[in-house]
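To start, the structure under review is shown below, and the notes come after it.
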Amino acid sequence: RAPPSGPTQQYLAYAKHVLRFFCLWNDSGSLFGDWHRLRLHYYLEDDSVELVEDQEAGGKSKIFLRRAHVPAGPRSAAMQSGMNKPVNLAPREILPGRHVNVHGREFFVYDMDSFTRSWLQDREGLPPSTLGPVDVAALLPRRAPAPVAELPPHNGFGQPEDSAQNCRRLVPTPPPKDQYRLLNKSKVTLGFKCLLVEDPQRKRTLLNDTERARYFYLSMYGADDSIAIYEPPNQMAGVVGGTFLRRTRVMRDEKRQLWYTSHDAYIGATLNVAGRSWLLVDADPYTLQYMENTGHPMADFGAAREELKRLLQDAANVGRFKEALTRHGPSIAHVSQDALVAAVAALEPAPVAHRAVTLFRHLAPPGSKTVALQSVLDAGA
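Here the sequence shown stands for residues 433 to 813, where the numbers follow my numbering.
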């Protein structure tokens, strides 16, 4: 059997071996011309060359020259006398600091990858001093940073995501949805009890006695962080009750286009929804357990214990803590959740109320409505 021929032997020896060079092409002399950054791929299996242009600003790379054989130098000079086949471009001719002529265009080579550098040293015997990168910062023109396309402010019609799609596309498409949340959190609903409170920074700051006596239930849906508020009927206060706010997403910061998420909802938080300020004062057991299982920052027992430990190092805070407990009963050996929340709120600076609830849930025995005061003090020691 005859041995493999030259091209076949070359293919078997260098299959999938590609040398990569980085080069520049100056096209600024033509109309609307510019400097182009390109990658020159040299395929050792058949000595073919491919040029790929790198796009800036996250654009996709595009083929500048499809894979083909490139003669060394201009075509007329590459043709040798008495031969119809030109001499192809060789790897040792593509070195940093040199110009490579590809079909009449001059490309300046300024760098290569590590595999190409080691291959030229081992196979071609070139010294490392001739393979180092060339600084091309002085060659490239300095450009001003590209302006960032900012979306116009929302005009109030429809959802901001729909308006943004109208600005981004000539033919608008529906905004993308988080399919993972729709599949895995569509049945998650966080429930909180909330009260109306005054907020000096908003237009409506004063509440009458009837409004102070009203309480509501706020639901936050895990599929899209939408919020709904329901008011139960209260005959003593003359409140019929019903839906106060239908399920909708609520913006937390209109200037920065930030929405309320589940991380913003916890006991002690104040949410600005529908022109009112709502103080979350309680949560159902499912919500508390879900927040602990998913690593909510306010439901972290370790963080709550460290904060209590830091605050109880002050003797004045210890006095305030015990004094607040005595207001809920003569004996403070065992305290309820409400008493612990009030005692923690008396500390300076006062932690978030949800921290106290987290401490109670971890320190109280299962099914118990009280926790030993000594257990709380030991946690803060």
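From the three backbone atoms N, C-alpha and C, an ideal C-beta is built for every residue, glycine too. Values in this document were obtained by computation on a predicted structure and should not be read as measured data.
Could you check the C-alpha separation between residue 659 and residue 469 for me, to the nearest Å? Residue mapping note: residue 659 aligns to position 227 of the sequence shown, counting from 1. Residue mapping note: residue 469 aligns to position 37 of the sequence shown, counting from 1. Rounded to the nearest angstrom, the two C-alpha atoms are 50 Å apart.
Of all the options 682, 461, 477 and 453, which has the alpha carbon lying nearest to the alpha carbon of residue 444? Working through the sequence shown from its first residue, we reach residue 444 at position 12. Looking at the Cα atoms, 477 is the closest of the given residues.
What residue range does the beta strand (DSSP E) around residue 594 cover? Numbered from 1 along the sequence shown, position 162 holds the residue referred to as residue 594. Here residue 594 belongs to no beta strand (DSSP E); instead the alpha helix (DSSP H) covers 592-600.
Can you tell me whether residue 674 is helix, strand or coil according to DSSP? Sequence index remark: in the sequence shown, residue 674 carries index 242 (1-based). Here residue 674 sits in strand by DSSP.
Quick one: give me the first and last residue of the beta strand (DSSP E) that residue 621 is part of. Here residue 621 refers to the residue found at position 189 when the sequence shown is read from its first residue. Membership of residue 621 in the beta strand (DSSP E) is indicated by the continuous run 621-629.
Residue 653: first and last residue of the uninterrupted beta strand (DSSP E) it sits in: What you label residue 653 is simply residue 221 of the sequence shown in a count that begins at 1. Start and end: 647-653.
Identify every residue that forms a DSSP beta bridge with residue 544. Locating residue 544 in the sequence shown gives position 112, where the first residue counts as 1. Note: residue 544 sits in a beta bridge opposite 453.
Pick from 786, 751 and 668: whose alpha carbon is nearest that of residue 717? Here the question's residue 717 lines up with position 285 in the sequence shown. Checking every option, the nearest Cα to that of residue 717 belongs to 786.
Closer than 7 Å by C-beta to residue 618: which residues in its own chain qualify, once you throw out the five before and the five after it? Chain order, please. Mapped onto the sequence shown, residue 618 falls at position 186. 655.
Counting beta carbon pairs with one atom in the segment 704-723 and one in the segment 733-744, are three or more of them shorter than 8 Å? no
Residue 756 versus 668, 520, 779 and 664, residue with shortest Cα-Cα distance: On the sequence shown, residue 756 is found 324 positions in, with the first residue counted as 1. The shortest C-alpha separation from residue 756 is found at 779.
If you check the beta carbons only, do residue 429 and residue 531 fall under 8 Å apart? No information on residue 429 is available, as it lies outside the stretch 433 to 813 that the chain covers here.
Own chain partners of residue 807 with C-beta closer than 7 Å, once the 5 adjacent residues on each side are dropped: Indexing the sequence shown from 1 puts residue 807 at position 375. Excluding sequence neighbours, residue 807 sits near 795.
Please classify residue 724: does DSSP put it in a helix, a strand, or coil? The residue given as residue 724 occupies position 292 in the sequence shown. Residue state, collapsed to three classes: helix.
May I have the straight-line CA-CA distance separating residue 560 from residue 528, to the nearest angstrom? As a first step, residue 560 must be located in the sequence shown, where it is residue number 128. As a first step, residue 528 must be located in the sequence shown, where it is residue number 96. Rounded to whole angstroms, residue 560 to residue 528 spans 11 Å at the Cα level.
Where residue 741 falls: helix, strand or coil (DSSP): Stepping through the sequence shown from its first residue, residue 741 is reached at position 309. Helix.
For residue 760, the three-state DSSP class (helix, strand or coil): Numbered from 1 along the sequence shown, position 328 holds the residue referred to as residue 760. Residue state, collapsed to three classes: coil.
Residue from 555, 467, 663 and 608 with nearest C-alpha to residue 573: In the sequence shown, counting from the first residue as 1, residue 573 sits at position 141. Checking every option, the nearest Cα to that of residue 573 belongs to 467.
To the nearest angstrom, report how far apart residue 598 and residue 646 are at their CA atoms. As a first step, residue 598 is located in the sequence shown; it is residue number 166 there, counting from the start. As a first step, residue 646 is located in the sequence shown; it is residue number 214 there, counting from the start. Approximately 42 Å between the Cα atoms of the pair.
Contact set for residue 591: own chain, Cβ-Cβ below 8 Å, skip 5 residues either direction: Position 159 of the sequence shown, counted from the start, is the residue given in the question as residue 591. Around residue 591: 607 and 681.
With respect to the alpha helix (DSSP H) encompassing residue 581, which residues constitute its N-terminal and C-terminal limits? Position 149 of the sequence shown, counting from 1, holds the residue named residue 581. No alpha helix (DSSP H) holds residue 581; DSSP gives it neither H nor E.
Touch check for the segment 728-735 and the segment 688-703: three-plus C-beta pairs under 8 Å? Put simply, the segment 728-735 touches the segment 688-703. At least three CB pairs are less than 8 Å apart.
Exposure of residue 719, with buried meaning 16 or more beta-carbon neighbours within 10 Å: Here residue 719 refers to the residue found at position 287 when the sequence shown is read from its first residue. Buried.
Residue 544, buried or exposed, once every other Cβ within 10 Å from all chains shown has been counted against 16: Residue 544 sits at position 112 when you count from the first residue of the sequence shown. Residue 544 is buried by the Cβ-count criterion.
Between the Cα of residue 448 and the Cα atoms of 547, 692 and 520, which residue gives the shortest distance? To locate residue 448, count along the sequence shown from 1; it is residue 16. The option with the nearest alpha carbon to residue 448 is 547.
Is it right to say residue 502 is buried, meaning 16 or more other beta carbons lie within 10 angstroms of its own, or is it exposed? Working through the sequence shown from its first residue, we reach residue 502 at position 70. Residue 502 is buried by the Cβ-count criterion.
With DSSP collapsed to three states, give me the class of residue 554. The sequence position of residue 554 within the sequence shown is 122, counting from 1. Correct three-state label for residue 554: helix.
What separation, rounded to the nearest whole angstrom, lies between the Cα atoms of residue 521 and residue 460? To locate residue 521, count along the sequence shown from 1; it is residue 89. To locate residue 460, count along the sequence shown from 1; it is residue 28. Cα atoms of residue 521 and residue 460: separation of roughly 26 Å, rounded to the nearest angstrom.
Residue 776 lies in the alpha helix (DSSP H); which residues open and close that run? Numbered from 1 along the sequence shown, position 344 holds the residue referred to as residue 776. First-last of the alpha helix (DSSP H) with residue 776: 769-777.
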